[in-house]
Structure formats: structure tokens, C-alpha cells
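Following: one structure in C-alpha cells, then a few remarks.
Chains as they are written, first to last, in our numbering: chain B, 1 to 409; chain Y, 1001 to 1409.
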């Protein structure tokens, strides 16, 4: 296994058990000898679910299954394997999902349509789902509340550390917990490094409301990060609400009682998303790109992602070079409205360029010092509107090339 | 200077003099000690011109000037400097263009609006245009037909070899020449590696027709290549037709007499575009991506460019890994219509995947052998329509990171 990313957090958080959620992680020998590679979650009756999925036109079989099932909004089980993505496996892949779902539904005595499935790992190889099915009996026996570190480890592929986050928050007078796990390191190497995240809460929230919350949260977290701009065939985020908590009824996503919950959910998702960036292949710096003054929020995000995906910007950061010219280039490349002569760029909080040129008397020293740190801040103010967005990325290093040029061989 | 790209052609082509075009290359000390860095071209009265320019929203001052002047379709002079792009230099940049144009127009006794200007090099630094203006007198004295190697060298920045191409072709019974030069290596490092190309012919073709030809040619050449997907603030392609040749009148781009000319022009542009890819920063392999069976030609190009820009595909090629899973990923990521279960992928002419999965009895040996070569062919047949496109790129290597992480420092 690769050594742990230099940007990793100090340790795995102490996520509490969430009423209505039982977890069981184990090994079925799909690819990794002596490592956990399968996760079963059992969810109490009445659990609501919503999800966001890859926009890839070549999405994997499990994604198609989850998209369909999520529409009904009910969940009783989640089965995830690492080591094989069951992607680009044709009809065989769909049958494999079907067999796995059948077995889980029968073991947990629940409708098939309430079993959610995710797979991550190599693509184009038939999934030996018999190994998963064989492991299921043992996994069911070990179902228990709260094995979050085990669950987070079981879904890892090229990840160098397990990723988890949680918040506790009030809905009215009732405390609820939001806990989640995620995996992903390249963003996104379809061989191995699909982005998956599963978030659980004991709040009682109907699926239609969950759907709005998870979409909004994903746009501000998982959809606002990039490592290499590539898109997995398997990206999946699922949000499960067991309803075990006894708070007042929630009727809409805009409900005032949900205010703190909405913020906490976004924090959990952003925390997990940041951990994925911090585990970016070869990453040596964590980069925050703040866009303000764009024509719209959408334009701001597009500009932010263009900067964050630019190989020239990312290599300059790896080289600790405050190369604002490449940022100007990326803004121009985004295709979003911009006025060269209004653009303002700051690095590490220091203005470097404005009104179409370098700032008068620009002193590179404090900026050069900032570039040597592990946390890089880039602020771009377009000064033409009120659109704002923040995106996160990492630098592009020799290590990224080594990992990805040599991965399969 | 960096050592010459391993993918460079054997030598500079023997481009003949083109009636109506005089060239003069020299040094004005803008950035490169002891190297040519300025090119003056003088064009006979009546020369028609058309161009295509960067779509960047932060385009440089010379680009704005050329865009405006190209609308009138007349040209008498071209002045190009390397070493400073005069980009993101605000009002000072525009004044600098104006002073240079004034001087050229006065020296060559022509209207200012018929003087075309291009600059390439670092951005964000004021252009010391006095050095260019000082050099102009000497350049004018040395104007001569046919110094193509000098002209191509004078516009280089990080290029490791000078780029030129030509064809001779008949319009009716009259032979005409199309000769061009280009520069660009990263695609596109805004500091240095803007893509510029200047193409000259003695054909007599009105500007409106030239505009159609250059747009169509650029779409199939310069707009079908990518090194790192980044877009320069200064990209410029200009096509000049002096009209010295005595052939029958050309009234439209679809004129049957132009058939061979159109093909030859496209060949010159594709040849120059290929040379830019072959000089891609750190390139060790030249990659041709052929897309067929897409919903439309536009969709085919978008899919081709997504594959060609994918860091995961490009690093796999650098690693000589026939990783077709990453190609599937890139097709999905493009957002264009695709049917996973119809997709066919071949590498080096060998089918590796079809109908949503790896081909039966896939033998990796011939494909692995192909991946070890310098010329890599990837064919993707979507099998859902008649849209086709070809794009070219190079691999993404450690050398790219070294060049771009360490460039300015």
C-alpha cells in the first residue's frame, strides 16, 4: 500500500452509532489479499434515501440499478465491494447486480428494490459476485452499530487513508447525528478511484426532501472538488435517513427546523470531499480557489473548476510558483464572461494582479512564502457580478504521473 | 535551450519563395540573448487576409487589434515578436500595439489597419516595444523572399524546433504555393507557448473566401490538437493571399477550381498542427484519436478532445499501458451521447472492447507492442451515428511536470 498522503487528517473521527443503522465489514478476496473489501449496511424499516450519481454516459451497472431504485426513496440495505467496479461489463454486469441484490434481499428479508449496490475497482473485468454472495451470511451475523472505521476501510481502493466525518445537530429539541464515509483519491481513476460516499442520519426526513438536500450538498462539496478533472463511471453519493429520531415532522427542504441540519449535512459532505482531495494522487498541496464577482454562481463554479483543472496552474503550484499568468489564462479559457481589465487575483490573501495588469509595486516575497506551504489560497474577483463559488483541488506532481503511468503494469 | 523533441521531423522543409511576400527576421533583445526574436513580413498591395483567434475571454492586446483589422480583409505587413506576449498588460498593452503599428505603417508606407501584430512570451509584463521599433529600420532593409527558416525561428519560444510546411497546387492551369510557419509547444502555456501560425499564398482569393477556408482548416487542424487542454490568451492563425498568381477569378469557397487548393491548405495546416503536438512539452508519443459513429461531427470532436485531454488516458500512454478502461471513462465524461453496449475501442488497429465489454479472447500482446512505439492510434466507434472526427495529442510525462513546475523559477 502507498504511504499515507502528507495532507491526511490526524486520524479517523469518532463517529457515534446512528440509530437504525447496522454495519458489517469483511473480506471476500475480490482483489486485496488480507484487506477488507466488502461492506454490508442494514437499515431499519422506513429508512428514506436519496442520491446523486455520475453524469457519465458510460455509467456502470450498479449505478443504473441505484438510480432506478432511488426514485422510490426507500432503503433497507447497502452492499458495497472494492476491487472490481463491475463497469463496462455489459449484460453480465447487470446480472451480477441482480444476483447480489437477490441474495441480500433474501438474507435481510426486504424488497429487492430497497437494496442499494456500489462497486469500485478495476473496470472491464467480470465481477465474481459469487465471492460477495458467499461472504454475505457471515457479514449479516456480524452486523453491529458503529463500526465506522471498518466500513470506511472496506470501501477503499487506492486511498491511502480511511475517510469519515460526522456532526450532531438539533432538529427542534431533538439531537440527531449525521455520519458519513467516503472513498476516492484520483478524481477519478476509473480503474480504482471512483468517488463513493454514503451518509447516514437518524433524522426523519422524507425522500423528496432528502433529494433536495443531497443535491444541494453535493454541488457544494463533491461536485466542487477535482483532482484531475476525470469522471468515474461509478461515482455515487447516497444519503440515508432512518427516521429513528423523534422530532417534529419535516415537510420541505426549506423548513426552518432544518436550518442547522442543512448546514451540518453540508459540513459533513464538504469534510469528506476535502479528504478526497487531500488523498489526491500525488497531492502535496491542498488548494482552495475562491471565485467572487462572477456573472452568476454557475459561472463562478465553472471558472473555479477551469482554474482547478488546469494542468498549467496545478504544475505551477507543485513548483511553488505564484504564476498568476496561468490563472488569467484559465479564467479566459473557461468561456465564462470576464473583463480582463477588471479581474483581480490574490494569492495567499495578497493582491497580485488587478485592472488588467500586475499590481503596482508588486512584492512577490510574501506570495512566494505562501506558495511554500501545504495550504494554498487563490482568490479571483471578476468584479462584474455577484456570482461566487469555492472549489478545491490539489497540485499536479511527478508522483501523479508515476501512479497513473505505472498503475496497471 | 531544451534538447530537440524526440518526435521532431528530420528537418525544416524547403519552402519556396512566395510571390508578394518578403520576410525579415532579426534580434531585438526582448528576452533571448543571441536568438532571433522578431519577424517582419511585407506583403504586396492587394493582399487579402483572414484569421482565427483564441476564444479566450482574457485575450491579449495584439489579438484584439488583429481581430478588428481582419474584418476589413486587407494586409500589407505582419510584425511578430517572441519573448513577451503583451498579454494582461492593460491599457499600456494597447498603446504598445498602437506605437508598433504606427512605426511599421510609416516604414512600409501602408495604412495602419493593414498592419497585423502578434506577440508571444511571458504575460503580465509590459512590452518594451521601443526595442522592436528600434529594430524595424534594419529589418526593413533586409526584407527578402524566402527566409522561411529565419522567420520560423524568430517566433519560437519554448519550441525545440522551427516549424514550417508547404504545398504547391494548381488553381486551374496556374501553380500556386501555400507556405506556412507555426510555433507552440505546450498547448498552451500562456507564459511562453502560445500557438501562432502564419500562412501565405500567392493565390488570388478574396478575404471573404479566405475566411471560410481558414476557419474550416483551423477546425480540422489547430483546433483538433491538444497538448494539455489549456488555452492561450494569444492564439492567432492568419492566412494571407497576395494575389500575385494569374489564375481565374475565385468567387466562392465552394468553387470547383479551389478543390485542390482547399485540400492542400488543410494539409499545410494539419502538418503544422502535428508539428506543434510533436513539440508538446515532454511529449514522448504522438497520439491519433479517431472517432467514428458519433451522433454528429461536433459530438465526435468533443469525444475525441475529451479522450485527448484526459490526464488518465495521457499518463497511461506515457506508461505504455493499453488501458482502454480510461478511454471508456473519457467517452462517458464527454457528455456526448453514447451507448455503453455499442461502444467499440481499438488500439493500434486491434479491437480491444466492444458491445459493452472486453472482446472475447482478447490478446493483449499486439496491443502492448503497439503501445511501445512512438505513434499511438486509438479508434473509438460509437456505432450510433455518422459523426466522425480525428484529433491529435501527445502523452503526459514526468518531463511535462518538470518543464511546467519549474519554468518560471
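The beta carbon of each residue, even a glycine, is placed where N, CA and C say it ideally should be.
Buried or exposed by the 16-neighbour rule on C-beta atoms within 10 Å, applied to residue i
i	result
residue 1375(Y)	exposed
residue 191(B)	Any reading at residue 191(B) is ruled out, since the residue's pLDDT is 42, under 50, leaving its predicted position unreliable.
residue 196(B)	buried
residue 106(B)	exposed
residue 1033(Y)	exposed
residue 1272(Y)	buried
residue 409(B)	Residue confidence is low: residue 409(B) scores 36 on pLDDT, short of 50, so the model does not pin down where it sits. No coordinate-derived value is stated.
residue 91(B)	exposed
residue 1144(Y)	exposed
residue 173(B)	exposed
residue 326(B)	buried
residue 1317(Y)	buried
residue 1226(Y)	buried
residue 77(B)	buried
residue 339(B)	exposed
residue 252(B)	exposed
residue 1071(Y)	exposed
residue 1254(Y)	exposed
residue 68(B)	exposed
residue 4(B)	exposed
residue 1301(Y)	buried
residue 1361(Y)	exposed
residue 1320(Y)	buried
Chain B residues whose Cβ lies nearer than 8 Å to that of residue i
i	result
residue 1355(Y)	90
residue 1058(Y)	328, 329, 331, 332, 338, 340, 343
residue 1127(Y)	Per Cβ cutoff of 8 Å: no residues; residue 1127(Y) is ~12 Å from chain B at best.
Three-state class that DSSP yields for residue i in the structure shown
i	result
residue 1222(Y)	helix
residue 261(B)	helix
residue 354(B)	strand
residue 346(B)	strand
residue 1050(Y)	strand
residue 190(B)	Because residue 190(B) carries a pLDDT of 37, less than 50, the predicted location of this residue cannot be relied on, and the following value inherits that uncertainty. Residue state, collapsed to three classes: coil.
residue 410(B)	The shown model of chain B, from 1 to 409, leaves out residue 410(B), and the question about it has no answer.
residue 15(B)	coil
residue 1086(Y)	coil
residue 1341(Y)	coil
residue 1183(Y)	strand
residue 201(B)	strand
residue 1007(Y)	coil
residue 1195(Y)	coil
residue 175(B)	strand
residue 97(B)	helix
residue 78(B)	strand
residue 227(B)	coil
residue 399(B)	helix
residue 1164(Y)	strand
residue 269(B)	helix
residue 1364(Y)	coil
Cross-chain neighbours of residue i in chain Y, by beta carbon under 7 Å
i	result
residue 398(B)	1398, 1401
residue 358(B)	1124
residue 315(B)	1401, 1404, 1405
Proximal residues of chain Y, C-beta to C-beta of residue i below 8 Å
i	result
residue 123(B)	1325, 1328, 1329
residue 318(B)	1401, 1405
residue 255(B)	Within 8 Å Cβ-Cβ: nothing; residue 255(B) doesn't reach chain Y, min ~34 Å.
Minimum Cβ-Cβ distance from residue i to chain A less than 8 Å
i	result
residue 228(B)	Here the protein chains are B and Y, and chain A is not one of them.
Report the residues of the region 333-348 of chain B with a CB closer than 9 Å to any CB of chain Y, ordered along the chain.
333, 334, 335, 336, 337, 338, 339, 340, 341, 343
Relative to chain Y, which residues along the region 197-208 of chain B have a C-beta separation below 9 Å, given in chain order?
none
In chain order, what residues of the region 1042-1067 of chain Y put their CB closer than 8 Å to some CB of chain B?
1054, 1055, 1056, 1057, 1058, 1059
Could I get the ranges of all uninterrupted alpha helix (DSSP H) runs contained in the region 23-73 of chain B, with 4 residues as the minimum, in chain order?
61-70
Contact set between the region 1233-1258 of chain Y and chain B, restricted to residues whose Cβ is under 7 Å from the partner:
1233
For the region 121-146 of chain B, which segments carrying the alpha helix (DSSP H) assignment without a break, of at least 4 residues, lie completely within its bounds, in sequence order?
129-141
Where in the region 286-314 of chain B do unbroken runs of the alpha helix (DSSP H), each at least 4 residues long, occur, reported from the N-terminal end onward?
297-309
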